[in-house]
Amino acid sequence: MDASARTGQRAALSDYLAAERTLLAWIRTGLALMGFGFVVARFGLFLQQVQLVQHTPAAQSYGLSLWFGTALIAVGVVINVCSGWHHARLVRELDRGETEHSRPSTQAVAIALFLALVGLAMAIYLVSVRSSAHSQFEQNEETSMTATTDNGIVDTPSNHSVDETVEKLKGILRDKGIALFALVDHSGEAEKAGMKMPPTKLLVFGNPKGGTPVMLAAPSIAIDLPLKVLVWQDSRGKTWLSYNSPEYLKKRHGVPDDLVENIAGVGALVQKVAE
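Just so we're aligned: 146 in numbering that gives the first Met the number 0 is position 147 of the sequence shown, and the numbers increase by one with no gaps anywhere.
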């Protein structure tokens, strides 16, 4: 029987089942888009919460992910509505026996192109977010002597390894005639005890001519004198120099203003070593 003879007769059961399977497939597509859209929309909030936990100042707004997610959810809703309407129309056509022609799936092609564009835009967005966060992290980590922590310790990044930094500091102290009283190799002692730790060395140095007047005026500062510089390596392999801020020592021990200069040279010394 040809197609024209079937006009006006109900379609076969297999045609109805095929139409139903198509409807269910589109419904799954719509639900998947809505679920994925919700995840994308919450991605910006997730990044903001991470920043709060890490006490990192927000470098940019992550509201763009909300728009991406909302767009995906809206597309999912439209797909479900359109698929339901298309299925109802197709069933009416099958009831009338109008099955002699097929329509190209322009809806599927349009959705595929839309998702490809959204995926590309999200990839660009995520790369930009990562680059911005990484740049800010590096900037915060590389900050040198711009802020002192609450415990009075100043951390300065070094451009050399721990051993090279230590040797450079020893050379500068020797050239300036400053006595090196002790060099404590914490990591070396840990290795002797069968333990491992990143390279960590403490240098204790000073000039009695400069330190003695300070201790006479503020005897408790003898706890923190001679001056100390800690050279250490962090978990990423970066070398740092850490020392007590002269302003912190002044406040802690009540050092007179006219004697602060006697202990303030450590900052310039560390800066020169770090270069």
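All C-beta atoms, glycine included, are put in the ideal place defined by N, C-alpha and C.
Quick caveat: nothing in here was measured; it's all calculated off a predicted structure.
Leaving out the 5 sequence neighbours to the left and right, which residues in its chain are closer than 8 Å to LEU224 when beta-carbon positions are compared? Working through the sequence shown from its first residue, we reach residue 224 at position 225. Short of 8 Å from the beta carbon of LEU224, and not among the five residues preceding or following it, lie these beta carbons of its own chain, in chain order: GLY205, GLY210, VAL213, MET214 and ILE262.
Whose CA, out of LEU202, THR164 and LEU168, lies closest to the CA of LEU182? Indexing the sequence shown from 1 puts residue 182 at position 183. Of LEU202, THR164 and LEU168, the residue nearest in Cα terms is LEU202.
Residues near SER60 by beta carbon distance below 6 Å, same chain, minus five either side: Counting from one through the sequence shown, the residue named residue 60 turns up at place 61. Because SER60 carries a pLDDT of 49, less than 50, the predicted location of this residue cannot be relied on, and the following value inherits that uncertainty. Closer than 6 Å at Cβ, skipping near neighbours: no residue.
Enclosing beta strand (DSSP E) for ASN261 [first to last residue]: Position 262 of the sequence shown, counting from 1, holds the residue named residue 261. Bounds of any beta strand (DSSP E) do not take in ASN261; it lies within the alpha helix (DSSP H) bounded by 260-273.
Around the Cβ of LEU112, are there at least 16 other Cβ atoms within 10 angstroms (buried) or fewer (exposed)? Numbered from 1 along the sequence shown, position 113 holds the residue referred to as residue 112. By the neighbour-count rule (16 or more Cβ atoms within 10 Å), LEU112 is not buried but exposed.
Which of helix, strand or coil DSSP assigns to ASP14: Counting from one through the sequence shown, the residue named residue 14 turns up at place 15. Helix.
How far does the alpha helix (DSSP H) with PRO212 in it reach, from first residue to last? Translated into the one-based positions of the sequence shown, residue 212 becomes position 213. Going by DSSP, PRO212 is part of the alpha helix (DSSP H) stretching over 207-216.
Close Cβ partners of GLU274 (< 8 Å) along its chain, the five nearest in sequence each way excluded: Counting from one through the sequence shown, the residue named residue 274 turns up at place 275. In its chain, beyond the 5 residues on either side, ASN158 have a beta carbon closer than 8 Å to the beta carbon of GLU274.
By Cβ distance, which residues of its chain are closer than 7 Å to ILE26, with the 5 residues on each side in sequence left out? In the sequence shown, residue 26 corresponds to position 27, counting from 1. Cβ within range, chain order: ASN79 and SER82.
Note down the Cα distance separating ILE171 from VAL272, rounded to an integer number of angstroms. Translated into positions along the sequence shown, residue 171 becomes position 172. Translated into positions along the sequence shown, residue 272 becomes position 273. Near 8 Å, if we compare the C-alpha coordinates of VAL272 and ILE171.
Nearest-angstrom Cα separation, counted from THR155 out to ASN243: In the sequence shown, counting from the first residue as 1, residue 243 sits at position 244. In the sequence shown, counting from the first residue as 1, residue 155 sits at position 156. Using only the alpha carbons, I get a separation of about 12 Å.
Residue range of the unbroken beta strand (DSSP E) whose run includes SER241: For this step, residue 241 is matched to residue 242 along the sequence shown. 238-243 is the extent of the beta strand (DSSP E) around SER241.
Best match in SER241, LEU229, GLY236 and ILE220 for proximity to LEU258 [C-alpha to C-alpha]: The sequence position of residue 258 within the sequence shown is 259, counting from 1. Nearest to LEU258 by alpha-carbon distance, out of SER241, LEU229, GLY236 and ILE220, is ILE220.
May I ask you to report which of helix, strand or coil DSSP gives LEU226? Here residue 226 is taken as the residue at index 227 of the sequence shown, counted from 1. Here LEU226 sits in strand by DSSP.
Tell me the DSSP secondary structure of VAL153 in three-state form. Counted from its first residue, the sequence shown places residue 153 at position 154. VAL153 falls in the strand class under three-state DSSP.
Would you mind giving the Cβ-Cβ distance between VAL161 and VAL269, rounded to the nearest angstrom? I have them listed as a contact below 8 Å. Here residue 161 refers to the residue found at position 162 of the sequence shown. Here residue 269 refers to the residue found at position 270 of the sequence shown. The pair is not a contact, with the Cβ atoms about 14 Å apart (cut-off 8 Å).
Round the Cβ separation of GLY68 and ALA109 to the nearest angstrom and send it over; I've been treating them as touching at under 8 Å. Taking the first residue of the sequence shown as 1, we reach residue 68 at position 69. Taking the first residue of the sequence shown as 1, we reach residue 109 at position 110. Rounded, the Cβ-Cβ distance is 20 Å, inconsistent with contact.
Pick out whichever of HIS185, VAL90 and LEU240 has its Cα sitting closest to the Cα of THR21. The residue labelled residue 21 in the question sits at position 22 within the sequence shown. Comparing Cα positions, the closest option is VAL90.
Go to ASP174, then tell me how far its alpha helix (DSSP H) extends in each direction, as first and last residue. Mapped onto the sequence shown, residue 174 falls at position 175. For ASP174, the uninterrupted alpha helix (DSSP H) segment begins and ends at 161-175.
Helix, strand or coil for ASP184 per DSSP? Within the sequence shown, numbered from 1, the residue matching residue 184 stands at position 185. When DSSP states are grouped into helix, strand and coil, ASP184 belongs to the strand group.
Between LEU71 and GLY36, which are expected to be in contact by the criterion C-beta below 8 Å, what is the C-beta distance as a whole number of angstroms? Counting from 1 along the sequence shown, the entry for residue 71 is found at position 72. Counting from 1 along the sequence shown, the entry for residue 36 is found at position 37. Your pair LEU71 and GLY36 checks out as a contact, with CB atoms roughly 3 Å apart and the cut at 8 Å.
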